[in-house]
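Numbering (this note's numbering), first residue to last: 4 to 260.
Glycine included, each C-beta is placed from N, C-alpha and C at the ideal position.
Since this is a predicted model, take the numbers as computed values, not measurements.
Structure first, then comments.
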C-alpha cells in the first residue's frame, strides 16, 4: 500500500504492511551529481551480481532455483519508465522489510531488502519490489490526471490501490513457480508468505489487508486521499513521469555483461 511522508526532499510510500511489519516501501530522493552511490549504480551491468556479492548467503538458493536466477537477470535489467533498476545494500526506508527508491536526477530505482531476513525472504523481497516497481507507469498516469484535475479523488484512490495490488498479486504468482518451497520452508518467511497468501480478488485483498495491517490502525484510503489532495493543491505530480521531466539526462542504455 502507499503511505506518504512528506518533507522538503523526499516522499516515502508504504507499499505493503503485513502482520504489523512493513513489507515494502517506495521513496523519492534527489542526487545532485553522478558520484557516490549513483556512480556505483551506473557500474552495475548486472544488478544480480551486485546483490549476490553483498549477500552471499543467497547464492546457494539461486544455484538451486535456476528459473529464479534467470528471471532476476532479465527483469532486473528491464527499465521502469525512464528509470533503471539497481541494487543498494543499504537498509530499506522506514523500517520496512523491502523497499524501492527513485533517485530522480540520475533515474535509478534502487532495491533494498533487510539484511537479517532468511535468504529465501531476501530473494522474495527482490522479486516483490521488482514487481511493485512496474506500477510506475500507472502511478505516473494517475498522478498526472490528478495534477490536471481530470480524475476524481475516489477514482484516484481506487486506481492506486489496484496498481499496488497488481504488484503483490504478480509476486504471489511468480514466487511458487520460481522458488517452490515446502510448507516447512515457508513457515519462517514473511515476505514470501505475504505475497503468496494475499487474496487475488480486490475486495477480499483489501479486507485481508485491514486484518493484517498493524491492528487495522492504518487507513490506506485516507492516505491515498491525502496524496491526491497534495497533488491537486500543488498542481504537479510527486515523481517525474517521463524522460522529458529530467532534460539533463539521456535515455538509459543497457549493455550486456
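To the nearest angstrom, report how far apart residue i and residue j are at their CA atoms.
i	j	result
residue 73	residue 236	44 Å
residue 203	residue 172	6 Å
residue 159	residue 183	36 Å
residue 209	residue 199	15 Å
residue 91	residue 154	35 Å
residue 56	residue 232	43 Å
residue 65	residue 145	36 Å
residue 151	residue 93	36 Å
residue 63	residue 186	20 Å
Take the Cβ of residue i as the centre, count every other Cβ of all protein chains shown within 10 Å, and call the residue buried at 16 or more, exposed below.
i	result
residue 170	buried
residue 190	exposed
residue 240	buried
residue 167	buried
residue 77	exposed
residue 124	buried
residue 96	buried
residue 81	exposed
residue 188	exposed
residue 193	buried
residue 225	exposed
residue 261	An answer regarding residue 261 cannot be provided, because it is not within the stretch 4 to 260 covered by the chain.
Hey, could you find the ends of the alpha helix (DSSP H) residue i is sitting in?
i	result
residue 88	That residue, residue 88, is in no alpha helix (DSSP H); its beta strand (DSSP E) goes 87–90.
residue 57	50–57
residue 68	Premise fails: residue 68 is in no alpha helix (DSSP H) and is neither H nor E.
residue 123	122–136
Do residue j and residue i have their beta-carbon atoms positioned less than 8 Å apart in this structure?
i	j	result
residue 116	residue 128	yes
residue 228	residue 143	no
residue 121	residue 88	no
residue 132	residue 102	yes
Could you please give the first and the last residue of the uninterrupted beta strand (DSSP E) stretch that includes residue i?
i	result
residue 226	Counting along the chain, residue 226 falls outside any beta strand (DSSP E), though it belongs to the alpha helix (DSSP H) covering 223–237.
Notebook entry, point to check: Counting Cβ pairs closer than 8 Å, one from the region 177–185 and one from the region 110–119, do we hit at least three?
Noted result: no
Check: Counting Cβ pairs closer than 8 Å, one from the region 133–142 and one from the region 54–72, do we hit at least three?
Finding: no
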